[in-house]
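Reading through the structure tokens given below for one structure.
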Amino acid sequence: MYDVLIIGAGPAGLSAALWCDKLGLDTLVLEQKQEVGGQLLSVHNVIDDYPGIHAAHGRELRDQFVEQTKDCDFDLWTRVEIESVDLTAKRVKLKSGEELESIALILATGLRRRKLGIPGETELVGRGIIESATKERDTLAGKDVCVVGGGDAAAENALLLGEVCPTVTLVHRGKKLSARREFSEQLHTHHCVTVFPESRVLRIIGNDQVEAVEIERAHALKPFQMAVQGVVVRIGFEPNTDCVLGQVAVDERGYLAVDSQQETSVSNVFAIGDVANPLAPTIAGAVGAGATAAKVIASRLRS
Ligand SMILES: Cc1cc2nc3c(=O)[nH]c(=O)nc-3n(C[C@H](O)[C@H](O)[C@H](O)COP(=O)(O)OP(=O)(O)OC[C@H]3O[C@@H](n4cnc5c(N)ncnc54)[C@H](O)[C@@H]3O)c2cc1C
1077 MYDVLIIGAG
1087 PAGLSAALWC
1097 DKLGLDTLVL
1107 EQKQEVGGQL
1117 LSVHNVIDDY
1127 PGIHAAHGRE
1137 LRDQFVEQTK
1147 DCDFDLWTRV
1157 EIESVDLTAK
1167 RVKLKSGEEL
1177 ESIALILATG
1187 LRRRKLGIPG
1197 ETELVGRGII
1207 ESATKERDTL
1217 AGKDVCVVGG
1227 GDAAAENALL
1237 LGEVCPTVTL
1247 VHRGKKLSAR
1257 REFSEQLHTH
1267 HCVTVFPESR
1277 VLRIIGNDQV
1287 EAVEIERAHA
1297 LKPFQMAVQG
1307 VVVRIGFEPN
1317 TDCVLGQVAV
1327 DERGYLAVDS
1337 QQETSVSNVF
1347 AIGDVANPLA
1357 PTIAGAVGAG
1367 ATAAKVIASR
1377 LRS
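Every position in the sequence shown, counted from 1, becomes a number in the working numbering once 1076 is added.
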């Protein structure tokens, strides 16, 4: 029996663990991945908006978080597979058979990239389906690529690849791009970027590597195939709530609903970081929410 069980070891979960430890709470953090850090591990840009630290990329900041928790006493289990979570009982059952209980539970499960859910998308990961244009720009140089999505992230990726690729085709569903005007203007005048509005990628084709995409365009008679060697999908994020769905209130977009103390609709169950922050997901926000939840739990346990 722990005082606090924390699910997720991104910035929010690590911050909560650090604070729980400082406040004398017996704490266990459960992380599904081998490495802690959450989305920080896929941040390849400079982080210059987290006050007090200027990091060259997410991993550098992650390493500093880890360094800071080295003297802490909380338990951390990685590569954990959760079978079920009972929020009312504060009980977590692992696929390995272990059952864990706590007085308070903190959900810090963050976000995952939304997928298209089309054939080829999963099969060709790492073989032409690109995780990060920033990281893999050099590998993509000289290749024809397709970027899927109409927001800022898709536009930024298309512009970045437009510097090194002969053709970049941006495919998006809406009539207009939802990316900020500055990006849209640059895209529409870019010499090697073509924008396909009101269009969908139906499948990604390839054996060992991505070879083509099949595209459906509004007003076109039938789908057509376009040869590409790289695909970047940027159609937003969705909250990781699968393990608690149906047990707790969520907002209209499926994010966990919390009050000003980070508490969910279930007593003594807290949600922190991006999974409960649809409007302003940031490292600073995640870290702050972790501190709030830990302090609220500590004061309740003392009273
Ligand atoms: C490309 C990119 C660039 C970014 N740049 C910036 C920036 O410059 N500045 C900034 O402030 N923010 C930036 N962000 C956002 C920032 O990374 C997030 O706001 C922050 O990581 C949120 O932290 P979190 O702990 O809430 O969630 P996450 O970082 O998503 O961590 C959640 C953790 O929970 C784990 N988890 C999920 N489900 C389970 C489960 N069932 N069992 C166990 N573990 C689970 C995940 O594996 C993960 O480790 C960027 C994000 C991306 C993707």
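Every residue, glycine too, gets a C-beta built ideally from N, C-alpha and C.
Simplified DSSP state of residue i, which is helix, strand or coil
i, result
"F1272", "strand"
"D1139", "helix"
"T1358", "coil"
"E1177", "strand"
"R1257", "helix"
"C1096", "helix"
"S1091", "helix"
"A1132", "coil"
"V1247", "strand"
"G1282", "strand"
"E1232", "helix"
"S1160", "strand"
"V1122", "coil"
"V1372", "helix"
"L1104", "strand"
"V1363", "helix"
Residue i, buried or exposed, once every other Cβ within 10 Å from all chains shown has been counted against 16
i, result
"F1300", "exposed"
"H1019", "Outside the displayed range of the chain (1077 to 1379) lies residue 1019, so it cannot be described from this structure."
"S1336", "exposed"
"L1332", "buried"
"H1248", "buried"
"G1128", "exposed"
"A1303", "exposed"
"N1121", "exposed"
"A1209", "buried"
"Q1285", "exposed"
"P1357", "buried"
"V1201", "exposed"
"E1339", "buried"
"R1344", "Correcting the residue identity first, residue 1344 is Asn in this sequence and not Arg. The residue is buried, with at least 16 neighbouring Cβ atoms inside 10 Å."
"T1103", "buried"
"L1181", "buried"
"G1173", "exposed"
"L1297", "exposed"
"E1107", "buried"
"T1368", "buried"
"N1316", "buried"
"A1325", "exposed"
"S1379", "exposed"
Residue i CB to nearest heavy atom of ligand 3 below 8 Å
i, result
"A1085", "Ligands displayed in this structure: ligand 1; ligand 3 is not among them."
Notebook entry, point to check: Whole beta strand (DSSP E) runs in the region 1288–1353 with 3 or more residues, listed along the chain?
Noted result: 1300–1303, 1306–1309, 1313–1315 and 1345–1347
Margin query: For the region 1346–1365 against the region 1089–1100, do three or more pairs of beta-carbon atoms, one drawn from each stretch, fall closer than 8 Å, so that the two count as touching?
Written below: yes
Checklist line | Contact between the region 1190–1199 and the region 1114–1129 (3+ Cβ pairs under 8 Å) | finding: no
Note to self: So, does the region 1341–1354 touch the region 1170–1186, judging by three or more C-beta pairs under 8 Å?
What the structure shows: yes
Margin query: When you compare the region 1306–1325 with the region 1221–1232, are there three or more beta-carbon pairs, one atom per stretch, that lie closer than 8 Å?
Written below: yes
Note to self: For the pair the region 1235–1254 and the region 1218–1226, tell me if three or more CB-CB distances fall below 8 Å.
What the structure shows: yes
Notebook entry, point to check: Which runs of the beta strand (DSSP E), 3 residues or longer, sit entirely within the region 1167–1215?
Noted result: 1167–1170, 1175–1183 and 1187–1189
Note to self: I want to know whether the region 1316–1326 touches the region 1159–1168 - three or more CB-CB distances under 8 Å.
What the structure shows: yes
Check: Counting pairs of Cβ atoms below 8 Å between the region 1134–1142 and the region 1098–1117, do you hit three or more?
Finding: yes
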